[in-house]
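Have a look at the structure below before the remarks.
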Amino acid sequence: MPISTELWSERIKAQKPYIAGEQPKNSNLIKLNTNENPYAPAAGDALLRLYPDPDAAGLCAAIAEVSGVTPERVFAGNGSDEVLAFAFIAFFGGGKVYAPDITYSFYPVWASLFGAEYITIPLDAHFDICADDYLTLDGGVILANPNAPTGKVLPLRDVERIVSANPDRVVIIDEAYIDFAPDGSSAVPLTVKYPNLLVTQTASKAYSLAGLRVGWAIGSESLIAALNTVKNCVNSYTIDRNAQETASETISARAVFRRNTERVIRARDWTTAELRRLGFSVLDSGANFVFAKPPAPIHGEAGKSASELLQQLRERGILIRYFNLPRIDEYLRISIGTSEQMKALISALEELL
Ligand SMILES: Cc1ncc(COP(=O)(O)O)c(C=O)c1O
3 MPISTELWSE RIKAQKPYIA GEQPKNSNLI KLNTNENPYA PAAGDALLRL YPDPDAAGLC
63 AAIAEVSGVT PERVFAGNGS DEVLAFAFIA FFGGGKVYAP DITYSFYPVW ASLFGAEYIT
123 IPLDAHFDIC ADDYLTLDGG VILANPNAPT GKVLPLRDVE RIVSANPDRV VIIDEAYIDF
183 APDGSSAVPL TVKYPNLLVT QTASKAYSLA GLRVGWAIGS ESLIAALNTV KNCVNSYTID
243 RNAQETASET ISARAVFRRN TERVIRARDW TTAELRRLGF SVLDSGANFV FAKPPAPIHG
303 EAGKSASELL QQLRERGILI RYFNLPRIDE YLRISIGTSE QMKALISALE ELL
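Okay, so the sequence shown: first residue is 3 according to the numbering used here, each after it adds one.
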C-alpha cells in the first residue's frame, strides 16, 4: 500500500530526495561505488574509511526492540535536535505550530528558520500544560513531556486527548527526559493507534551519551517516511559508524540504563527535599533537573535573587542555569549530578542563604 503523505508539509511532498550509493552489509564485494579510500585512516577504526549505513538499520532495530515497536516505525538522527528540526520541516513548514509559552527554546528557532508560524499557549499558574487549550487548533502541536525547563509531566491521558482531538495535524511529543518520569508516562504505545503522533527521544540524557549525538523518533510509517525524505534532502549519512555502534550497544544494555536512571531519580528527589528544606519552592520534576525559586526574604532580611545565586554559585565552581525570561526569571534550573555533587550544591546554598 502506498504511504499516505496527507500530514506532510507541501514543500516536502514536492521533493525528490538524493539517493545515496549502496552501502552493502557484505564485505566480500569489490566496493568501487561511493568514492571511498581503500586504505585505513591514520587514527580510528579501519572501517571508518567506509560511509556508514545511511538508514542506521542496526540502531533503529535496537531502539525498536526496547520501545516495543517495529523498526519501520523508528527514525534515528544526529541528536533529537536534528530529528526535531527535520520534523519541523516535514510537518510544520509553511503552516502553524502551537507550543506552551514556557518550553524548550529551540522550538521557535526552528519554526522561524523553516517558515512556520509559532503560536504560544500559556501554561497555567502552576506551570502545567492545560490539555483543554489544545483541542481545537488550526495547526500542529509540539509539547516537551516532561516539559523543559519546568520538569513537569503531562499525564498520558491528557497527551492522548490532545492527539485524538487533532487527527489531521501532527502532534510531536518531545520525550527527551521521559526515562526520569513515572512509569507509564511515555506516549510511545499510542503511536500504534494514532498516525498523527510523533514521539522523539534521545540517547543524551538517560543513556549518558550527550557527546555521541544520537536521537530518534517513533511514529507511523507515513511520519517516518517524511523524516527520511527530509534527511535524504539534507545529508544521507547523519549518524557516523562509531555513533551507530556505541548507541546500539548502550541502548541494549538495560541493567546499566536502569541503575543510572534510578540513581539520578534518587538524587533528584533528595535534592528537591533539601531545596524545600532551605525554603525554595521547587516544581515536582519528572526529569533529570529541578526548577526552583529561591526563598523569599524573611524578617526584613535581604534574601537572594535567582540571578545573584547563579553568580555566587559560579564563584564557588558550581554551574547552574538561569533564564532571564518572562514568568521564569525568578527560577533556577539545576541539573541532577551525582549524590556528592548535589550535596556540594546544598552545602554551598546553605552557606549563601
Ligand atoms: C526538551 C529537549 N528536547 C530535546 C533536546 C535535545 O537533545 P539532544 O539533541 O541531545 O538529543 C533537549 C536538550 O537539552 C531538550 O531539553
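Virtual Cβ for every residue (Gly too), placed ideally from N, Cα, C. Given the structure is predicted, the values throughout are model-derived calculations rather than measurements.
Between the CA atoms of residue j and residue i - distance to the nearest angstrom
i, j, result
"Pro-54", "Leu-86", "22 Å"
"Tyr-434", "Leu-311", "The structure shown does not extend to residue 434, since the chain spans only 3 to 355, so no value can be given for it."
"Ala-275", "Ala-16", "54 Å"
"Gln-203", "Ser-188", "10 Å"
"Leu-61", "Ile-226", "15 Å"
"Leu-199", "Ser-222", "7 Å"
"Phe-77", "Ser-224", "11 Å"
"Ala-167", "Ala-44", "56 Å"
"Pro-26", "Pro-56", "11 Å"
"Ala-183", "Arg-335", "17 Å"
"Ala-63", "Gln-246", "11 Å"
"Leu-211", "Ala-205", "5 Å"
"Ala-48", "Asn-35", "18 Å"
"Ile-121", "Leu-158", "23 Å"
"Asp-331", "Ala-289", "20 Å"
"Val-68", "Leu-229", "21 Å"
"Ile-175", "Val-155", "12 Å"
"Ile-164", "Asp-170", "12 Å"
"Ala-257", "Asp-140", "44 Å"
"Ala-127", "Arg-329", "10 Å"
"Ile-144", "Pro-197", "15 Å"
"Ile-322", "Tyr-100", "29 Å"
"Lys-98", "Glu-177", "21 Å"
Other residues of its chain near residue i: CB distance less than 7 Å, five sequence neighbours each side excluded
i, result
"Thr-152", "Ile-104, Phe-129, Leu-285, Phe-293"
"Ala-350", "Leu-315, Arg-318, Ile-320"
"Val-232", "Ile-14, Phe-88, Ile-91, Ala-92"
"Leu-354", "Lys-306, Leu-311, Gln-314"
"Gly-95", "Ser-11, Arg-13, Phe-116, Gly-117, Ala-118"
"Asn-39", "Arg-51"
"Ser-238", "Tyr-20, Ala-22, Pro-56"
"Glu-162", "Leu-192"
"Ser-6", "Ser-224"
"Asn-234", "Pro-19, Tyr-20"
"Arg-215", "Asn-80, Gly-81, Ala-245"
"Ala-249", "Leu-61, Ala-205, Leu-211, Leu-214, Val-216"
"Arg-243", "Leu-49, Leu-50, Pro-54"
Under the three-state DSSP convention, the category residue i falls into
i, result
"Leu-355", "coil"
"Arg-323", "strand"
"Glu-119", "strand"
"Ser-349", "helix"
"Ala-294", "strand"
"Arg-335", "strand"
"Lys-15", "helix"
"Gln-25", "coil"
"Ile-164", "helix"
"Leu-211", "coil"
"Ile-65", "helix"
"Ala-78", "strand"
"Ile-175", "strand"
"Gly-95", "coil"
"Gly-217", "strand"
"Thr-7", "coil"
"Thr-72", "coil"
"Thr-204", "strand"
"Leu-312", "helix"
"Leu-362", "Past the boundaries of the shown model lies residue 362; the chain is included only from 3 to 355, so the question cannot be answered."
"Leu-49", "helix"
Residues of its chain near residue i, where Cβ-Cβ distance is below 6 Å and the 5 sequence neighbours each way are ignored
i, result
"Met-344", "Ala-269, Thr-273"
"Ser-254", "Ala-64"
"Gly-339", "none"
"Asp-160", "Ala-133"
"Asp-135", "Ile-123"
Other residues of its chain near residue i: CB distance less than 8 Å, five sequence neighbours each side excluded
i, result
"Ser-341", "Arg-265, Arg-268, Ala-269, Trp-272"
"Ala-59", "Pro-73"
"Glu-352", "Leu-280"
"Phe-282", "Ala-294, Lys-295, Pro-296, Pro-297"
"Pro-299", "Gly-305"
"Glu-2", "This structure gives no information on residue 2, because the portion of the chain shown stretches from 3 to 355."
Legend entry - Segments of 3+ residues assigned as beta strand (DSSP E) that fall wholly inside the region 223-289: none
Legend entry - ligand 1 site residues, beta-carbon cut 6 Å against heavy atoms: Gly-81, Ser-82, Asp-83, Tyr-106, Ala-146, Ala-150, Asp-176, Ala-178, Thr-204, Ser-206, Ala-212, Gly-217
Legend entry - 3 or more residues per run - each beta strand (DSSP E) lying fully within the region 100-151: 119-123, 142-146
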